[in-house]
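There are 2 protein chains.
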Amino acid sequence: MTAAETAIETIQREMTVFARRARASAGRMHPELSLVSYTLLGHLEERGGCRATDLAAHYALDKSTVSRQVAALERAGLVARRVDPDDHRVQVLDLTEAGREILSQVHDSRRAAFRERLSGWPPEDLTRFATYLTRYNA
Amino acid sequence: MTAAETAIETIQREMTVFARRARASAGRMHPELSLVSYTLLGHLEERGGCRATDLAAHYALDKSTVSRQVAALERAGLVARRVDPDDHRVQVLDLTEAGREILSQVHDSRRAAFRERLSGWPPEDLTRFATYLTRYNA
DNA sequence: CCGGCAAGTTGTATTCTGCAACCGGATTCA
DNA sequence: TGAATCCGGTTGCAGAATACAACTTGCCGG
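Note that the protein sequences, when read in sequence, are chains A and B. Counting along the first sequence from 1, when you hit position 81 you're at 80 in numbering that gives the first Met the number 0, and nothing is skipped either side. Counting along the second sequence from 1, when you hit position 5 you're at 4 in numbering that gives the first Met the number 0, and nothing is skipped either side.
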């Protein structure tokens, strides 16, 4: 087996380990914000307004799932929808102030967990790791 | 925010994305074996016979959930249960031959998926990525 | 023997998800 | 311009995973 193949084995195994752990702990960290809701809010924060379809495509979710999640987030007052004046089919989603606040709380506690876990890593390794993960998920 | 903090943000987000996708796609790749089932079988393969309660504790699942999953796996002929002669409350779980076989197939196809996904990565990036993941999970 | 604890099972409710059918606005093309 | 089509989104439905609680059965210390 080449070094690259060995690396692929390792990546697979470690990703699986991670998936297991994430599955086990996701619900416990923040009961008020599911993993998906959190992800969606985070996306909105980063990219500003976007469409439900974009979210669905990006996270490989069915549009119906996104529709319901967004509806729940809107009921909870965390996101706002407005119709795109240029295309009346489109709803542009945005965080509300409350959404921003909750997101920042959850963010902080998750960040603390990751920071704890990643403490002692050289900054250069952190940025490279981040790049790899992004590329993997792209 | 420093570069390192930004990287931590990204790692956190991308890991989350990955975890969600892994779960969603696991069902599609192998309809006959959910991520949890796969994990449980893998556990049995590694450690040989164990109790349902051990699985529940190890994966932070409710014992009822494990009970149902194990029941399904037994119906599918992938695991066998036998009563512990020393304690009749206990059922010792073990892979059947069919279970071992399916597990190895799923293993292979997962490996193929990873290989596909990572094709085109320079070998040194693969090895570094593998190193980072291992370090992260350690 | 009894009370309490441990292992599993089952009933119930909730949540997340995908698929399919549908609605209404936008676009294309003859 | 008008019909066919496409696209964004919603809703009905069904299935899976899960937690919690109540229960059954077996074990063990007084």
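Ideal Cβ placement from N, Cα and C applies to all residues, glycine included. These numbers were taken from a predicted model, which means no experiment stands behind them.
- Item | residue 0/A burial status per 10 Å Cβ neighbour count (16 or more: buried) | Burial check for residue 0/A: the Cβ neighbour count within 10 Å stays below 16, so the residue is exposed.
- Message: Pairs of beta-carbons, one from the stretch 44-61 of chain B and one from the stretch 92-111 of chain B, closer than 8 Å: are there three or more?
- Response: When Cβ pairs closer than 8 Å are counted between the two stretches, the stretch 44-61 of chain B is seen to touch the stretch 92-111 of chain B, the count reaching three or more.
- Task: Under 8 Å between beta-carbons, which chain A residues line up against residue 13/B? List them in chain order, please.
- Result: The answer, in chain order, is 129, 132, 133, 135 and 136.
- Query: I think residue 131/A touches residue 135/B, with their Cβ atoms under 8 Å apart; what is that distance to the nearest whole Å?
  - Reply: In this structure, residue 131/A and residue 135/B do not form a Cβ contact; the two beta carbons are roughly 11 Å apart against a cut-off of 8 Å.
- the stretch 116-131 of chain A in contact with the stretch 57-76 of chain A per 3-pair CB rule at 8 Å: Touching, no, given that fewer than three Cβ pairs across the two stretches are closer than 8 Å.
- Task: With distances taken Cα to Cα, identify the nearest neighbour of residue 109/A among 2/A, 10/A and 38/A.
- Result: Of the listed residues, the one whose Cα sits closest to residue 109/A is 38/A.
- Task: Would you grab the beta carbon distance between residue 17/A and residue 10/B for me? Rounded to a whole angstrom, and I think it's under 8 Å.
- Result: About 11 Å separates the two Cβ atoms, so there is no contact after all.
- Message: Taking the beta strand (DSSP E) that residue 79/B belongs to, which residues open and close that run?
- Response: Start and end: 78-82.
- Should residue 81/B and residue 73/B be called a contact, given that it needs their Cβ atoms to be closer than 8 Å? Taking 8 Å as the Cβ cut-off, residue 81/B and residue 73/B do not qualify as a contacting pair.
- Please confirm if residue 10/A has its CB atom under 8 Å from at least one CB of chain B. True, the Cβ-Cβ gap to chain B drops below 8 Å.
- Message: Which residue marks the beginning of the beta strand (DSSP E) containing residue 93/B, and which one marks its end?
- Response: 90-94 is the extent of the beta strand (DSSP E) around residue 93/B.
- Query: List, in order along the chain, the chain B residues whose C-beta lies closer than 7 Å to that of residue 124/A?
  - Reply: Within chain B, the residues near residue 124/A are 131.
- Query: Hey, out of 15/A, 2/A and 4/A, whose CA is closest to residue 144/B's CA?
  - Reply: Any answer about residue 144/B is impossible in this case: the structure gives chain B only from 0 up to 137.
- Item | Inter-residue Cα distance where the pair is residue 32/B and residue 86/A | Cα-Cα distance, rounded: 43 Å.
- Query: Are the Cβ atoms of residue 98/B and residue 60/B separated by less than 8 Å?
  - Reply: No, the Cβ-Cβ distance between residue 98/B and residue 60/B is not below 8 Å.
- Item | Chain-ordered chain B contacts of residue 51/A [CB-CB under 7 Å] | Annotation: residue 51/A has no Cβ neighbours in chain B at a cutoff of 7 Å; minimum Cβ distance is about 17 Å.
- Query: Taking the C-alpha atoms as reference points, what is the distance between residue 53/B and residue 36/B?
  - Reply: About 15 Å.
- Message: Against residue 7/B, what residues of chain A qualify as contacts under a CB-to-CB distance less than 7 Å, listed in chain order?
- Response: Chain-ordered, the chain A residues with CB closer than 7 Å to the CB of residue 7/B read 110, 113, 114, 117 and 125.
- Item | Limits of the unbroken alpha helix (DSSP H) element including residue 33/A | Segment: none, residue 33/A is in no alpha helix (DSSP H) and carries neither H nor E.
- Query: residue 16/B versus chain A: which residues are under 8 Å apart at the beta carbon?
  - Reply: Residues of chain A with a Cβ closer than 8 Å to the Cβ of residue 16/B are, in chain order, 38, 58 and 136.
- Does residue 75/B get closer than 8 Å to chain A when you measure Cβ to Cβ? Chain A contact via Cβ: absent.
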